[in-house]
Each structure stands twice: as structure tokens, then as C-alpha cells.
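In what follows, a single structure is set out as C-alpha cells and then discussed.
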Ligand SMILES: [Ca+2]
Ligand SMILES: [Ca+2]
Ligand SMILES: [Ca+2]
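In the working numbering, the protein residues as written are 6 to 357.
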């Protein structure tokens, strides 16, 4: 505006005698001024690149991302080298971020992020055994399509903080394993970081060191069943309440055992065994359960379905699955009953 005021002041010239005469070019000068002003603006926009914070804040380059080496200036993507005023210090990180996220390859495995079934894990073959669109390389449960997200994964124990003893205090770390030292009775330790999940999947290794008396009766049978394994749905489990599902290997009876407690069952030292039709309770192992041998146990609950699986030393698997309507939200624990046992790596997964 100052420019136009100066033009108007020059619409007359003063002669030597002091009289004023009209300026013939007076009508032309404002038009010249407009042109010069427009050129100045264009120069500012493209050449010297004067930053306008308000326009940057409005993200006026939002229609397209400015390529590497350029910045959004006055609504244009301008080469940073042509924009000396564009000090990085003037820009917020959001100003420099492209408005459209480029499709990159973060893990550099040759598969673009938006097509990579493990975008942060190098897996060029994209193997996905269970077909849940989460690659084996980053799938918490690569053989179970209902679970893929890791919530707990400990390979080497350094602290018992993650485990809270429910019954007894005989849990300790020994040779980087979690060990329960009490031979008789039922002992449980819950995973304090895992609770109140609707669907849970747990896998771990277990090794029986010695056996004694579990002190439990199953379906009014007092047959001793020294065992160790996992129990799910422990969030509400107390001395006389809650529902728990136990999956373990039964040393004396050579079987995979899936059992349930509810209400005050534990106070009565009793458990109910699940049985498959036309079969005795539990699933026979058809081989001895050996002390000091690692067994891998997997247990999951989802909806009303409970699954209990063990991998034997010869790498074969046996499994029991049942449907039970008492399933509710809860957590996970490890347990021993009539056995001293060591538990190895523990992994807990939930759905996506
Ligand atoms: Ca990739
Ligand atoms: Ca990948
Ligand atoms: Ca998968």
C-alpha cells in the first residue's frame, strides 16, 4: 500500500518558478506500480521464498507431497537450495513430513511396507503357514490363525517380577528357568502382565524334576496324578471362586490332561477331567513321561473352545480340544501338582 501512496504523490511536477504543472504520465504510473508489485510478489513466492508461517500451518502443499530436497513454501514445492530462508529450525517436523506417506521398505527385504506381511521383520519369502496374513516371521502363533499378537515373550528368566505366586512361595529362578520346588500339593504362579484377555494362547517348555503327591482327586477318584502345565482363566481364581482350565502332562498316568476347577473345587482338592467321547479322561501319550526331559505345551482359549497340546520329545504332537460354556475373561498361570518342575521360555499371544 505504501507503494501506491508514493505514486499518487508524483502526479504533478514543480517548475523552476515554483508553479506546478500536470504530469502527463500520472495516469500511467499506478499501472506500472501494480506490475512491479506483482513481479515482486512472484519473486518472493518463487525466488527468495519468504516463509509465511500461516500458510505453512495450513499445510498448503497438502495436494501433493514435496519430493526429497524440496520444501513447501508459499504453497509451492520449492527446491531447498532455492529457498535460502527455509532454515530447518523454522520448520516443525510436521511441516517436513510428506503429506502422503511414501511406500517404503523399512526392513529392506524387497517387499514394500504396504504389501509386507511383516513390515518390520526381514522375510523376503513372506511365508504365512496359518494364512492369517501375518507372516511366520512376526506371528506370535504361526500355526494358529486365531492368534498373532505377542503380549509376553520371555526366553531367559532374570527376575520373578513377572510371576506372582498364587499358591505357595516356592517359585524361584534357577539356571535361567522358573522352577517350582515344592513337590506335593498344587502350586501356581500367574503371569502378572497377562490378565483379563478374552482369548489367550500360551506356549512354554516344562521339565519334571521329581514327583510326589498332587493331593487332588479327579472326579472322585484319588488316583495320584503328578503333573505340570498351564492354567488359563485365573483372573478371578481364588480359594473358593472363579473358573480355571488346567492343561498338563500327567506323569503317573501317561496322558495329556485337561481339567477344570470352579467355585470351591480347589478348597475341596478336586478337579474335573474333560474326556473325549468313547475315550478315558485325558489323551494317552503311549510312551513314558521321562523326568529331566523337555516337553512343549501349548494351551489356548477362544470363545468357548479350549485346546491343550503337547509336543513329545520325538516331535510328534497330541492334542485335546473341548467346548465349555463357563469360559470367561481371565489370565494365565503356570502350575505344578505333585511335582517339582522347571519352566522354560514362555510366550503368550492374543488375536490381532
Ligand atoms: Ca519390507
Ligand atoms: Ca518383511
Ligand atoms: Ca500367520
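Every residue, glycine too, gets a C-beta built ideally from N, C-alpha and C.
Starting from residue i, trace the beta strand (DSSP E) both ways and give me its first and last residue.
i	result
residue 308	Element bounds for residue 308: n/a, residue is neither H nor E.
residue 194	191 to 196
residue 157	154 to 159
residue 444	The requested residue 444 is not part of the displayed model; the chain covers only 6 to 357.
residue 120	Taken as a continuous stretch (DSSP letters only), residue 120 belongs to no beta strand (DSSP E), as it is neither H nor E.
residue 184	182 to 185
residue 341	337 to 342
residue 362	The structure shown does not extend to residue 362, since the chain is modelled only from 6 to 357, so the question has no answer here.
residue 238	Run containing residue 238: none; DSSP gives neither H nor E here.
residue 172	168 to 172
residue 177	176 to 179
Can the beta-carbon of residue i be found less than 7 Å from the beta-carbon of residue j?
i	j	result
residue 237	residue 306	yes
residue 183	residue 157	no
residue 289	residue 152	no
residue 249	residue 232	no
residue 122	residue 133	yes
residue 255	residue 230	yes
residue 197	residue 169	yes
residue 174	residue 207	no
residue 5	residue 348	The structure shown does not extend to residue 5, since the chain spans only 6 to 357, so no value can be given for it.
residue 192	residue 298	no
residue 129	residue 115	yes
residue 276	residue 221	yes
> Going along the chain, which unbroken runs of the beta strand (DSSP E) with 3 or more residues stay wholly within the region 253 to 335?
Replying inline: Segments of the beta strand (DSSP E) lying fully in the region 253 to 335: 260 to 267, 275 to 278, 300 to 307, 310 to 316 and 322 to 328.
> Got a list of residues with beta-carbon closer than 6 Å to any non-hydrogen atom of ligand 2, in chain order?
Replying inline: For ligand 2, the selected residues are 112, 114, 116, 121, 123, 124, 126, 127 and 128.
> Where the beta carbon is closer than 5 Å to any heavy atom of ligand 3, which residues qualify, in chain order?
Replying inline: Chain-ordered, the residues whose CB falls short of 5 Å from any heavy atom of ligand 3 come out as 133, 135, 137, 139 and 144.
>> For the structure I just gave you, are there three or more beta carbon pairs, one from the region 328 to 337 and one from the region 138 to 150, closer than 8 Å?
In response: no
> Within the chosen definition, does the region 258 to 275 reach the region 322 to 335 through at least 3 CB pairs nearer than 8 Å?
Replying inline: Touching, yes.
> Are there three or more Cβ pairs, one per stretch, closer than 8 Å when the region 185 to 193 is compared with the region 215 to 229?
Replying inline: yes
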